[in-house]
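Just so you know, the sequence shown maps onto residues 11 to 259 in this note's numbering. See structure below.
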Amino acid sequence: MSTAVDRFDNKARSAFGQIGQTEVYEGELLRHRVYTRFLHWMVALFFFLALFSGFGIYLPWLFRWFTPFFGGGPMARWMHPWFGLGFVIFFGLQALNWIKPMRWTAADTRWMRNLKSIVRGKEKMEPPETGFFNGGQKVQFWEIVSGCVVYVITGIILWIGAGLFGRWAVAVSYVLHDISALIMLGGIFIHIYLSTIGEPGTFHSMTRGAVSESWAWTFHPAWYKKVTGRDPRQAYEEALRKQSGAPSR
Ligand code: HEM
Numbered sequence: 011m012s013t014a015v016d017r018f019d020n021k022a023r024s025a026f027g028q029i030g031q032t033e034v035y036e037g038e039l040l041r042h043r044v045y046t047r048f049l050h051w052m053v054a055l056f057f058f059l060a061l062f063s064g065f066g067i068y069l070p071w072l073f074r075w076f077t078p079f080f081g082g083g084p085m086a087r088w089m090h091p092w093f094g095l096g097f098v099i100f101f102g103l104q105a106l107n108w109i110k111p112m113r114w115t116a117a118d119t120r121w122m123r124n125l126k127s128i129v130r131g132k133e134k135m136e137p138p139e140t141g142f143f144n145g146g147q148k149v150q151f152w153e154i155v156s157g158c159v160v161y162v163i164t165g166i167i168l169w170i171g172a173g174l175f176g177r178w179a180v181a182v183s184y185v186l187h188d189i190s191a192l193i194m195l196g197g198i199f200i201h202i203y204l205s206t207i208g209e210p211g212t213f214h215s216m217t218r219g220a221v222s223e224s225w226a227w228t229f230h231p232a233w234y235k236k237v238t239g240r241d242p243r244q245a246y247e248e249a250l251r252k253q254s255g256a257p258s259r
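Below you can see the structure in the form of structure tokens.
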């Protein structure tokens, strides 16, 4: 199973690698290939299309003004499940692509226990054992995976309707579908904040595909060590010395 997934991902990565390219300059590291970036932005596009068309259906008295963008209320209602399907399919492909780096480890449990001091910004660098993704990113990833399962099950029930599934199934599906959307929306707000203003330099990773070495040793020190073979703390102190004009050792 895992080898079939690996073969599929490798094929897709090399096919997309021929369509677009990722330039990595001196002092930078490759973070996300073209295939990963393509999937990420397709996920984001379909997520927001599903969200905005869904809002018009969920709270029409408040969000009716969204529906003209989709050609009116009935058209938004018709398009919403297709946008949702697009979101789930692209995220499903991304989930296969990221299944390995998203595996939960003991370091992620420690990262979550340490969350308070990380949020308060007590440390300049993330804990030294933080790999390609940190515990918070993995929690969000698995939340989206579970959200997608809920969307598919409840979405099909809502799409086909009470005629086949009964009124109770439809009523319960409405509640679960909306709770799942609200949880995901909350997470996406935090995600957008952290990927842009919260952790400067992160946005590049999903546009150009590369990050600076200082970004890597600050936010993902174990990944930095793995790809460069250098010690992140030493690299950080060396950079500080260079900045202050002191001679390097
Ligand atoms: C305009 C909105 C968005 C921006 C600016 C954005 C930005 C980014 C960036 C820069 C990364 C790479 C982080 C890293 O390499 O460590 C990333 C990763 C990711 N994005 Fe987004 N993203 C957006 C919307 C979305 C949406 C709508 C979803 C899914 C519903 C999503 C799901 C993810 C996931 C699961 C990851 C990997 C884990 C993580 O970094 O949290 N993103 N995003």
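Note that CB positions come from ideal geometry on N, CA and C, so glycine has one too.
Relative to the C-alpha of residue i, which candidate in the options has its C-alpha closest?
i, options, result
"Leu168", "Arg87, Asp16 and Glu38", "Arg87"
"Val34", "Val221, Lys236 and Pro231", "Val221"
"His230", "Ser127, Arg41 and Lys126", "Arg41"
"Leu192", "Ala172, Gly81, Val180 and Ile154", "Ile154"
"Thr164", "Glu136, Ala60, Ile128 and Ser183", "Ser183"
"Phe56", "Phe18, Gly102, Tyr203 and Val185", "Gly102"
"Asn20", "Lys134, Gln104, Ala116 and Ser127", "Gln104"
"Gly208", "Ala256, Ala54, Arg130 and Phe175", "Arg130"
Suppose the cutoff is 7 Å on Cβ atoms and the five residues either side in sequence are ignored; what does the same chain contact list for residue i look like?
i, result
"Lys148", "Met112, Trp114 and Asp118"
"Ile170", "none"
"Phe143", "Pro111 and Met112"
"Tyr68", "Asp188"
"Ser215", "Arg41, His42 and Val221"
Give the DSSP bridge partners of residue i, in chain order.
i, result
"Ala220", "Leu40"
Kindly list the residues whose CB is nearer than 8 Å to the CB of residue i, restricted to its own chain and excluding five residues on each side of it in sequence; keep chain order.
i, result
"Glu223", "Gly37, Glu38, Leu39, Tyr234, Thr238 and Ala245"
"Ile29", "Val44"
"Met52", "Gly96 and Phe100"
Once you ignore the five residues that flank residue i on each side, which residues in its own chain have a CB closer than 6 Å to its CB?
i, result
"Gly66", "Phe73, Phe76, Thr77 and Ala86"
"Trp225", "Gly211"
"Met194", "Gly157"
"Arg243", "none"
"Tyr203", "none"
With a Cβ-Cβ cutoff of 8 Å, do residue i and residue j count as a contact?
i, j, result
"Phe93", "Ser63", "yes"
"Thr206", "Phe213", "yes"
"Trp49", "Asn124", "Correcting the residue identity first, residue 49 is Leu in this sequence and not Trp. Taking 8 Å as the Cβ cut-off, Leu49 and Asn124 do not qualify as a contacting pair."
"Gly219", "Thr13", "no"
"His201", "Gln150", "yes"
"Ala232", "Glu139", "yes"
"Gly145", "Met122", "yes"
"Glu136", "Ser127", "no"
"Val180", "Ala172", "yes"
"Pro70", "Gly82", "no"
"Ile109", "Val15", "yes"
Is residue i close to chain B, meaning its C-beta is less than 8 Å from at least one C-beta of that chain?
i, result
"Arg218", "Annotation note: the requested chain B is absent from the structure, which comprises a single protein chain."
Check whether the segment 90–103 touches the segment 147–162, counting contact only when three or more Cβ pairs, one atom from each stretch, lie closer than 8 Å. yes
Can at least three beta-carbon pairs, one atom from the segment 76–85 and one from the segment 44–56, be found at a separation below 8 Å? no
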